[in-house]
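Here is the structure we will look at.
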Amino acid sequence: MDNLVHASAIVDAGAILGEGTRIWHFSHVCGGARIGDRCSLGQNVFIASDVVIGHNVKIQNNVSVYDAVVLEDDVFCGPSMVFTNVHNPRAAVVRKHEYRRTLVRRGASIGANATVVCGVTVGAYAMIGAGAVVTRDVPDFALMAGVPARQIGWISRHGERLDLPRGADGRARCPHTGDVYSVTGRVCTLQPAD
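Each number in my numbering comes from the position in the sequence shown (counting from 1) with 1263 added on.
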C-alpha cells in the first residue's frame, strides 16, 4: 500500500511514515515525527518532530500537533482542534525544556475547535465535544463538553452515548453493538462478551 503525499506538502528527512498514510495540501511533517500506517492528515496540518502517531489516526484540516504529544491508534482529531505543550507561554521566555507531555489514548475523538491543554491524558474511546477545553485527565469512555470541559456522560467504543443517569453506577448497553459497559465511580469498563 503506497503513501500519498500531496505535491504542496512538506515531509522533512527523518520523518517516518507508515504504509498507506495520506498527507494532504499544505501540510508539514517535521523530521523525527513517527506516523503509523493508514493515517490521514488533512489540509494545513503541522506535525512537530517529537510527536508519535499510531495507526489509523485521522487528523482533520488546520490541526497542529506540537512536540510532546502522543496519539495512539484510531484517534480522531476534528477540524481546527488545538494541542498545547507549554503551560505558561511567554514570547520572551524560552520554555522548550518545560514541555508537558500529552497522551491521547486509543480510539479517542476530539471535536472541532476543542483545545487540549498540555500535560493531560485523554482516556481510551473518550469523546471531547466541539469547542471544549480539556484542562485535566479524562477517563476512558468519558463524554466531555464545555469550558472547562466537564464530564456529561459515558460513550461506547462505537461512539454511542450510554444510557446511565449522570453520576450513577451501573451497567449500560451500547445501542448499536450491544456491548455491555460497567460504571463504578469514575471508571467505565467494557465487559467481556457472554
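Beta carbons: idealized from backbone N, C-alpha and C, even for Gly.
Residue state for His1291 is assigned as strand, using DSSP reduced to three classes. Ser1419 has its alpha-carbon roughly 25 Å from the corresponding atom of Val1326. Listed as beta-bridge partners of Leu1280 by DSSP are Ile1298. Residue environment analysis places Val1401 among the buried positions, since at least 16 neighbouring C-beta atoms fall within 10 angstroms of its C-beta. Residue environment for Val1356: exposed (fewer than 16 other C-beta atoms within 10 angstroms of its C-beta). Val1308 is the residue among Gly1392, Lys1359 and Val1308 whose C-alpha sits nearest the C-alpha of Val1274. The residue among Gly1305, Pro1428 and His1350 with its C-alpha nearest the C-alpha of Ser1271 is Gly1305. Burial check for Glu1282: the Cβ neighbour count within 10 Å stays below 16, so the residue is exposed.
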